[in-house]
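To keep things clear, I will list the structure first and then write my remarks on it.
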Amino acid sequence: MATTPELTEKPVPQTVSARRAPSARTFGPLLLRLHFYAGVLVAPFILIAATTGLLFTMVPTLDKVVYSAELVVADPGDTTLPVSQQITAARATHPDGDFIGVRPGEGESTTQVDFSSPGLPEEHLHTVYVDPYTGKVTGQLETWWTATPLNTWLDQFHRDLHLGTTGELYSELAASWLWVLALGGVVLWWRRQRGNRTARRMLTPELAAKKGVRRTRSWHAATGLWITIGLLTLSATGLTWSGYAGANFGAALDSLKGNRPYVATELTAAPADASGGHHSEGAAAAVPAVDPATVDAVLAGARATGIDGPVQVSPPTDGAGAWTVTQTDNVWPVRFDSVAVDNTGKVTDRVDFADWPFLAKLTSWGVQAHMGLLFGLFNQVILAALAIGLITVIIWGYRMWWQRRPTRAGRQALAGAPPARRAWQQLPSWGIVVGVPVVFALGWALPLFGIPLLAFLVIDLVVGAVRGSRTPPEVPVSPHPPEADHPHRIPPHPRKLTTRTIIRNRRRHRSPPRPPDTEGPRPRPRPSRGNRRRCRSLRACQELLWSAPGRGTLGPPR
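One point on numbering: in the numbering used here, the residue at position 537 of the sequence shown is 605, and numbering is uninterrupted.
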């Protein structure tokens with residue numbers, strides 16, 4: 069009587085790069101769950117910020133097209149008129165309001181003269197544009213921190229969607245979570261490539277993969293990896309002038325003495341502690357009437373000390389102090405030197421950009437880069453590419469969520485299920501000890517990161533408690549075939565195998581040795597496509613293939 073020897077699967081040799089055991093303590097599950105929830109709930113706000121930011125990158129080009137008559141001199145001459153004469157021409161066009169400042173034109177740029185005007189919103193001015201070669205007024209616009217109306221509209225649309233203070237919360241929320249999603253995605257992609265981690269696999273999508281979640285994930289991850297540095301820069305620079313995080317950042321600069329220094333405009337007092345917005349040198353203030361002829365002497369005194377290039381000339385706010393002449397060249401290498409000059413043209417104080425604290429320089433560079441001004445047209449192209457890349461990464465993320473949805477009869481869903489709960493229980497002990505204080509510190513510094521994170525935790529706990537109180541339905545299981553009817557039945561495998569492991573390693577699974585009294589070649593082990601999809605363990609695959617012994621090799625021999 070022939071006997072069937074018991075079969076055991078040969079253990080697969082473990083290597084250093086093999087997957088960790090399920091019981092290993094790791095940050096991966098928690099990071100995956102956080103990345104999933106942040107991607108689903110916060111990504112819409114980031115998508116809006118990326119779309120509005122893409123529009124804002126076109127502002128420098130659009131300004132030259134829409135406002136070419138006001139900003140560009142049609143026929144530049146050889147010699148410019150005195151600035152006082154240009155101010156007089158502008159005053160004739162706009163007799164009301166106080167003189168706030170002037171930016172003399174050079175080359176193809178017109179001279180811009182700012183006046184206050186009754187009825188304008190706060191920080192808005194009435195700007196008159198003058199041809200510096202002929203003294204002819206070329207146009208008038210309402211400006212905000214020297215920005216044109218189109219620039220102002222797109223800037224506010226990107227910043228608050230024209231919803232005021234409430235709308236600013238959306239952009240701060242997006243900036244507070246952008247760096248979390250970017251770094252989390254990099255770590256998850258790095259972990260997924262364990263065992264075959266090369267630059268090519270990390271930076272390029274899997275073009276050979278079949279259409280589905282695997283190919284979409286590769287495009288999502290590879291594109292995100294390419295734009296990570298840019299996203300981190302946008303997140304950090306965007307937070308510097310946000311509402312709550314920006315206030316904390318300003319307080320930190322104050323404590324570290326990293327704010328921008330300003331010249332002293334009081335002729336007998338200490339340096340002024342002025343502050344200005346990120347768009348210009350300072351806020352508009354009402355000033356007493358000044359003699360336009362004084363501007364020529366002030367500008368000549370500043371030029372004599374090396375203040376060249378485009379400048380902003382501002383009169384004293386009290387009529388007895390010094391004028392301020394500040395360079396406004398925001399293209400690399402930037403020039404932001406500033407001097408205080410009295411009515412006779414004598415320089416009374418000076419602050420050079422080279423003397424700024426490093427944190428102040430870094431903040432200024434970051435703001436100019438965020439606005440697409442630091443490197444000119446190249447900067448704008450990079451920002452547009454980052455915005456388009458971020459938009460596509462978000463769309464691929466939602467596509468992955470949809471592709472992971474259950475499609476079997478009776479289990480259909482609109483989207484895939486979230487990662488497993490209780491991921492925090494898999495954290496190493498040192499990770500909990502170090503991570504909790506760090507998260508609390510970040511939540512305090514970035515309130516719109518901490519509050520949503522706390523909301524995620526509360527919702528997750530509530531959903532888990534509701535689902536835990538439900539009684540799970542009984543899952544029908546087909547009875548096992550009797551042992552007597554199947555003498556060649558494979559005993560249960562001691563190691564739990566997933567469907568993916570069975571399918572990938574199906575060539576290693578061998579059927580029982582044929583008894584000596586049987587003839588004919590043994591077919592190659594290959595379950596049908598339907599059975600491969602339905603297998604959840606080695607036992608399930610055996611049961612499915614028992615019902616159709618002609619379709620596989622795990623059944624009795626023919």
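Ideal placement from N, C-alpha and C gives every residue a C-beta, glycine not left out.
Please read these numbers as outputs of a predicted model, since none were measured by experiment.
Per DSSP, what are the beta-bridge partners of residue i in this structure?
| i | result |
| --- | --- |
| residue 159 | Answer is none; residue 159 lacks a bridge partner. |
| residue 420 | Paired residue(s): none; residue 420 is not in a bridge. |
| residue 56 | The chain is shown only over 69 to 626; residue 56 falls outside these bounds and no answer can be derived. |
| residue 196 | 181 and 208 |
| residue 141 | Looking at the DSSP assignment, residue 141 forms no beta bridge with any residue, so it has no partner. |
| residue 530 | Per DSSP, none; premise fails for residue 530. |
Using a Cβ-Cβ cut-off of 7 angstroms (strictly less than) and excluding sequence neighbours within five positions of residue i, which residues of its own chain qualify?
| i | result |
| --- | --- |
| residue 452 | 122 and 125 |
| residue 524 | 105 |
| residue 103 | 249, 252, 253 and 256 |
| residue 280 | 471 |
| residue 130 | 218 |
| residue 99 | 252, 255 and 256 |
| residue 380 | 169, 171, 349, 394 and 396 |
| residue 152 | 360, 361, 363 and 364 |
DSSP three-state call for residue i: helix, strand or coil?
| i | result |
| --- | --- |
| residue 406 | strand |
| residue 116 | helix |
| residue 382 | strand |
| residue 136 | helix |
| residue 238 | helix |
| residue 391 | strand |
| residue 331 | coil |
| residue 248 | helix |
| residue 415 | strand |
| residue 473 | coil |
| residue 154 | helix |
| residue 452 | helix |
| residue 232 | coil |
| residue 468 | helix |
| residue 148 | coil |
| residue 89 | In this prediction, residue 89 has a pLDDT of 48, which is less than 50 and means its spatial position is unreliable; what the coordinates show is noted afterwards. Coil, per DSSP. |
| residue 129 | helix |
| residue 361 | helix |
| residue 259 | helix |
| residue 482 | coil |
| residue 121 | helix |
| residue 276 | coil |
| residue 189 | coil |
| residue 536 | helix |
Using a Cβ-Cβ cutoff of less than 8 angstroms, which residues in the same chain neighbour residue i once the five nearest sequence positions on both sides are dropped?
| i | result |
| --- | --- |
| residue 188 | 194 and 210 |
| residue 418 | 331, 373, 405, 406, 407 and 408 |
| residue 161 | 196, 205 and 208 |
| residue 443 | 399, 400, 437 and 450 |
What is the residue span of the beta strand (DSSP E) that residue i lies within?
| i | result |
| --- | --- |
| residue 294 | That residue, residue 294, is in no beta strand (DSSP E); its alpha helix (DSSP H) goes 281-294. |
| residue 183 | 179-183 |
| residue 100 | That residue, residue 100, is in no beta strand (DSSP E); its alpha helix (DSSP H) goes 96-109. |
| residue 169 | 167-171 |
Identify the continuous alpha helix (DSSP H) that holds residue i and give its terminal residues.
| i | result |
| --- | --- |
| residue 375 | Where residue 375 is concerned, there is no enclosing alpha helix (DSSP H), given that its DSSP letter is neither H nor E. |
| residue 318 | 312-324 |
| residue 268 | 267-271 |
Can you list, in chain order, the residues of its chain whose CB lies under 6 angstroms from that of residue i, leaving out five sequence neighbours each side?
| i | result |
| --- | --- |
| residue 298 | 454 |
| residue 378 | 396 and 397 |
| residue 48 | Missing from the structure shown is residue 48; the chain here goes from 69 to 626 and no further. |
| residue 289 | 257 |
| residue 362 | 411 |
| residue 303 | 243, 246 and 247 |
| residue 107 | 465 |
In chain order, each alpha helix (DSSP H) run of at least 4 residues that lies wholly inside the stretch 200-230: 217-228
Uninterrupted alpha helix (DSSP H) stretches inside the stretch 422-450 (no shorter than 4 residues): 426-438
Alpha helix (DSSP H) segments (min. 4 residues) lying fully within the stretch 484-515: 497-513
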